[in-house]
Structure formats: structure tokens, C-alpha cells
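As C-alpha cells, this is what we get:
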């Protein structure tokens with residue numbers, strides 16, 4: 001992304017974009033056709049340019065994370081509606097109020113993993129969330145409290161929303177395409193932790209499970225916080241009994257209740273004791 005590193009002698013795009021802003025205003029230069037293609041917002045939004053926008057949305061976070069030295073991540077999925085325990089009286093249902101304990105577990109887990117990340121100069125095991133409230137906020141908050149960086153992969157939604165205040169600003173990204181956002185969740189993932197949540201959480205969990213089950217990505221720890229919640233939401237054993245998944249597919253999942261248990265799963269995995 002740094003033009004200083006280019007090897008060619010030609011004028012760069014930044015120079016020409018600036019020059020183009022200072023040209024005399026005439027009927028010709030005011031016409032949309034005259035705008036440089038890469039500075040023309042109207043052109044970039046055209047239907048035919050969707051492949052280019054997909055590529056740009058893939059490239060921008062990729063290049064920035066490369067420049068920041070992020071080599072691997074720990075992804076945290078979970079409900080945006082789960083409040084922190086101190087605010088559980090604001091929860092919309094008694095169940096959400098009860099689930100608030102997982103906010104603290106997510107926060108503690110992120111802090112513990114970030115402490116390990118900082119031992120690797122902040123390049124490995126970087127916390128990555130969807131950048132929103134609830135469990136996502138808890139993950140970024142725990143990383144922030146440990147003094148490390150964390151990633152937030154936000155997405156434009158019809159209702160007004162903004163990233164939580166704990167995402168590292170230089171690693172806070174905004175997406176238009178859900179598909180590209182999902183790719184960035186998993187491209188660097190060394191572990192995925194899933195906390196209780198709704199449609200979005202279920203979507204992200206099953207996407208990851210499907211990729212691992214079909215061997216479209218290598219197996220990594222897939223950790224579900226809250227066995228009671230997840231066994232009620234999904235009857236995993238019945239899926240195996242029915243034959244819609246193989247019995248060994250259930251073993252792709254580890255159920256935990258606490259941050260310490262999740263860290264132990266990851267450390268055991270990293271030591272090579274749980275890869276089958």
C-alpha cells in the first residue's frame with residue numbers, strides 16, 4: 001500500500017488524483033466521464049463493478065493486517081443482545097439476563113488469550129470479533145484490558161450502529177459483503193469460540209463447521225460456551241443418530257463453561273494432543 005516501495009519511475013495514483021482536483025473547471029472537466037476511474041464514486045458503484053468491489057473488500061483488510069503483522073487470530077462469535085452482568089437488568093428477557101455471565105467469560109477469555117498473544121509480540125492469537133455489542137464487545141474489551149490489539153469486522157446494517165469502543169482503531173473494518181467478511185473471520189483463525197447467540201451466531205458457527213467437516217479448511221478448535229444452551233438449540237446427537245451427519249462429526253465441537261476451560265482446549269490442541 002506504500003507507493004514509496006514501487007520500483008517503477010511513473011507518477012503514482014495519489015499524485016494524479018490530487019492534480020486532477022486542481023484542473024480548470026470547464027464543461028468537459030465537469031463531466032462524469034472525465035473523472036479518473038478510481039476516484040469516481042458513481043462509476044465504482046455500478047452493477048458491473050461488483051467483482052472489483054468484492055476484490056477491494058478482500059484486499060483492504062488483508063493488506064492492513066499484513067502491515068500490522070497479524071499472523072493468526074482467535075475468533076469470537078456470540079450474541080449482540082447479551083449484556084454485561086452489571087447491566088443485566090436491561091436485558092429484554094430473563095434468559096438473556098442469565099446469559100450475561102458469558103459476557104464476563106468472553107472478556108476473561110479474550111484477556112487471557114491476549115496475554116499469550118503479547119508474548120508473541122502481538123502477532124499470534126489476536127482476538128477477532130464482529131466488532132459489535134454484547135459478546136463481541138466483551139472480546140474486544142478483554143483484549144484492550146490486557147494491553148493488546150484486537151480486530152473488529154463490522155458490517156453496514158440498515159439500522160444505525162457503530163463498532164464498540166474497544167476495537168483497535170487501526171484494525172476496525174467495515175464491510176458491505178457478508179461473504180467477504182466471513183472469509184476474513186476464518187483466513188487467519190487458529191481457534192473459533194462460539195457463545196450463545198442468534199441467527200448471525202448460528203450462521204457463523206455452521207459455516208465454520210461445514211468448512212471443517214468437508215475439509216475445505218483444516219481442523220481447528222471449535223469451542224462452544226454453554227453446553228445447556230447449545231444442546232437445547234441443536235440436538236447434535238439426534239443429527240448423528242438420524243445419519244444426517246457422521247457420529248465423528250459431533251467430535252468436531254468442544255463444549256466449555258469457563259474461559260479457563262477454553263484456554264485449556266486451545267493449549268492442548270496446540271501441543272498436538274487433540275488433532276484427530
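Numbering (UniProt numbering), first residue to last: 1 to 276. We put the beta carbon where it would ideally sit given N, CA and C, even for glycine. In this text the structure is predicted, and so the values were computed from the model without any measurement.
Practice task
Give the range of the beta strand (DSSP E) segment to which residue 245 is assigned.
Solution key: Note, residue 245: premise wrong, no beta strand (DSSP E); not H, not E.
Practice task
Decide yes or no for the touch test of the region 188-205 against the region 160-173: beta carbon pairs closer than 8 angstroms, at least 3 of them.
Solution key: With the cut-off at 8 angstroms, the region 188-205 and the region 160-173 do not touch.
Exercise for the section: Spell out the partners DSSP gives residue 63 in its beta bridges. Expected result: Per DSSP, none; premise fails for residue 63.
Exercise for the section: Specify whether the region 90-106 and the region 36-52 touch according to this definition: at least 3 beta carbon pairs, one from each stretch, less than 8 angstroms apart. Expected result: no
Problem - Ranges of the beta strand (DSSP E) found wholly within the region 55-107, counting only runs of at least 3 - result: 73-77
Exercise for the section: Please report the Cβ distance between residue 256 and residue 212, rounded to the nearest whole angstrom; I am assuming they are in contact, meaning their Cβ atoms lie under 8 angstroms. Expected result: Actually they do not touch by this definition, with Cβ atoms about 18 angstroms apart.
Practice task
Give the single residue among 162, 166, 198, 153 whose Cα lies nearest to the Cα of residue 178.
Solution key: 153
Exercise for the section: With a cut-off of 8 angstroms on the beta carbons, I'd call residue 186 and residue 208 a contact; round off their distance for me. Expected result: 7 angstroms
Handout entry: Any beta strand (DSSP E) of 3 or more consecutive residues that is wholly inside the region 145-191
Key = 150-155, 172-175
Exercise for the section: Return helix, strand or coil for residue 14, following the three-state DSSP convention. Expected result: helix
Practice task
Kindly list the residues whose CB is nearer than 6 angstroms to the CB of residue 143, restricted to its own chain and excluding five residues on each side of it in sequence; keep chain order.
Solution key: Apart from sequence neighbours up to five positions away, the residues of its chain that approach residue 143 with a beta-carbon distance below 6 angstroms are 110, 114, 127, 150, ordered along the chain.
Handout entry: Which of helix, strand or coil DSSP assigns to residue 274
Key = In this predicted model, residue 274 has a pLDDT of only 48, less than 50, meaning its place in the structure is not dependable enough to derive any value.
Exercise for the section: Using a threshold of 9 angstroms, state whether the C-beta atoms of residue 210 and residue 219 are closer than that. Expected result: Cβ distance not < 9 angstroms, so residue 210 and residue 219 don't count as in contact.
Problem - Selected residue, minimal CA-CA separation from residue 13, among 28, 138, 35, 85 - result: 35
Exercise for the section: Between the Cα of residue 184 and those of 54, 10, 31, spot the shortest distance and give me the residue it belongs to. Expected result: 54
Handout entry: Helix, strand or coil at residue 126 according to DSSP, with G and I counted as helix
Key = strand
Exercise for the section: Using three-state DSSP, classify residue 52 as helix, strand or coil. Expected result: helix
Exercise for the section: Determine the closest residue to residue 71 out of 260, 271, 87, 188, with distance taken between C-alpha atoms. Expected result: 188
Practice task
Would you mind reading off the limits of the beta strand (DSSP E) that contains residue 202?
Solution key: Where residue 202 is concerned, there is no enclosing beta strand (DSSP E), although the alpha helix (DSSP H) it sits in stretches over 199-213.
Exercise for the section: Can you grab the Cα-Cα spacing for the pair residue 132 / residue 77, in whole Å? Expected result: 10 angstroms
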